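Below: the structure, in structure tokens.
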Amino acid sequence: MDVPGLIQSYGYLAVAVGTFLEGESVLLTAGAAAFHGYLWMPAVILIAAVSGFLGDQISFCVGRRYGNRLLAKFPSLRRRAARVSALLERHNVLFILAVRFMYGLRVAGPMAMGMSGIYWSRFLVLNLAGAIIWAITIASIGYGLGQGFVYLLAHFDAEEIWLLVALLLPATIWRLIVRRKHSVRSKHS
1 MDVPGLIQSY GYLAVAVGTF LEGESVLLTA GAAAFHGYLW MPAVILIAAV SGFLGDQISF
61 CVGRRYGNRL LAKFPSLRRR AARVSALLER HNVLFILAVR FMYGLRVAGP MAMGMSGIYW
121 SRFLVLNLAG AIIWAITIAS IGYGLGQGFV YLLAHFDAEE IWLLVALLLP ATIWRLIVRR
181 KHSVRSKHS
């Protein structure tokens, strides 16, 4: 999927659809596009917050209505639901605010919360606050990355950029390998 191409072609619609589903890469790209003047940053944040909020509300409602049937049909969801339940018991408010920042729990988290005993009104308020925090944070990081990229191109020679890439590439590959090994281990346990 060509996220920058989607942002360029569809603008705010791509932000709305992308942040409704998952959205970090779309929102980062939209933030960078806002830096370059293709999109207006307040609109990016507003659309992302509303769309992310709605996506998580729907996941919560699906979990509330169909959660037990989904767990019966997709046993792999049980592990995530158990993880969410344990986190909810210990850190209720913080977890609801932060779930959208947790890799692998963006959709499953609100769904599992729907299956729990959380009042829908409590989830609604905390989900809205979390969506606003998330939209501002991720869009701002994208904006900063857009600014950083321009600075990098303006202040570094091609050789320095290649040196930076050569230094960062092994660390990135190592991190991907470690993450993959960890996910393989957790699937087998």
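For the record, in the sequence shown the residue sitting at position 117 is 117 according to full-length UniProt numbering, with numbers rising by one throughout. Positions of the beta carbon are idealized from the N, C-alpha and C atoms, including for glycine. It should be emphasised that the depicted structure is a prediction, and the values quoted were computed from it without experimental measurement.
key: Every unbroken alpha helix (DSSP H) inside the UniProt domain "VTT" (25–143) [4 residues or more]   = 41–73, 76–90, 92–98 and 108–115
ask   = If you count every other CB in all the chains shown that lies within 10 Å of the CB of residue 93, and 16 or more means buried, which is it?
value = Position 93 of the sequence shown, counted from the start, is the residue given in the question as residue 93. Exposed: under 16 other Cβ atoms inside 10 Å.
task = Write down the C-beta distance between residue 67 and residue 114 rounded to the nearest angstrom, noting that I regard them as a contact closer than 8 angstroms.
result = Numbered from its first residue, the sequence shown carries residue 67 at position 67. Numbered from its first residue, the sequence shown carries residue 114 at position 114. Yes, they are in contact, since the Cβ atoms of residue 67 and residue 114 sit about 6 angstroms apart, within 8 angstroms.
query = How is the alpha helix (DSSP H) around residue 18 delimited, first residue to last?
reply = On the sequence shown, residue 18 is found 18 positions in, with the first residue counted as 1. Element bounds for residue 18: 12–21.
request  = Would you grab the beta carbon distance between residue 52 and residue 11 for me? Rounded to a whole angstrom, and I think it's under 8 angstroms.
outcome  = Translated into positions along the sequence shown, residue 52 becomes position 52. Translated into positions along the sequence shown, residue 11 becomes position 11. Contact flag wrong, Cβ pair sits at about 17 angstroms.
query = Going along the chain, which residues of its own chain have a beta-carbon closer than 8 angstroms to the beta-carbon of residue 65, five neighbours each way excluded?
reply = Within the sequence shown, numbered from 1, the residue matching residue 65 stands at position 65. Same-chain partners within the cutoff: 114.
query = Would you report the Cα separation of residue 112 and residue 99, rounded to the nearest angstrom?
reply = For the purposes of this step, residue 112 is taken as the residue at position 112 of the sequence shown. For the purposes of this step, residue 99 is taken as the residue at position 99 of the sequence shown. So the alpha carbons of these two residues sit roughly 11 angstroms apart.
Outcome for residue 56 when other beta-carbon atoms lying within 10 angstroms are tallied against a minimum of 16 = By one-based count along the sequence shown, residue 56 stands at place 56. It counts as buried.
query = For residue 121, which of 61, 35, 15 and 50 has the nearest alpha-carbon?
reply = Stepping through the sequence shown from its first residue, residue 121 is reached at position 121. Here the closest residue by C-alpha is 61.
task = Report yes if the CB atom of residue 145 is closer than 7 angstroms to the CB atom of residue 32, and no otherwise.
result = Along the sequence shown, read from residue 1 onward, the residue named residue 145 stands at position 145. Along the sequence shown, read from residue 1 onward, the residue named residue 32 stands at position 32. Contact flag set, yes.
task = Using the Cα positions of residue 135 and residue 86, report the straight-line distance between them to the nearest angstrom.
result = Here residue 135 refers to the residue found at position 135 when the sequence shown is read from its first residue. Here residue 86 refers to the residue found at position 86 when the sequence shown is read from its first residue. Roughly 26 angstroms between the two C-alpha positions.
query = Looking only at its own chain, which residues have a Cβ that is under 7 angstroms from the Cβ of residue 35, when we skip the five neighbours before and after it?
reply = Residue numbering aside, residue 35 sits at position 35 when the sequence shown is read from its first letter. Hits under 7 angstroms: 143, 146 and 147.
Proximity below 7 angstroms, CB of residue 97 to CB of residue 126 = By one-based count along the sequence shown, residue 97 stands at place 97. By one-based count along the sequence shown, residue 126 stands at place 126. Against a cut-off of 7 angstroms, the Cβ pair of residue 126 and residue 97 comes out as a contact.
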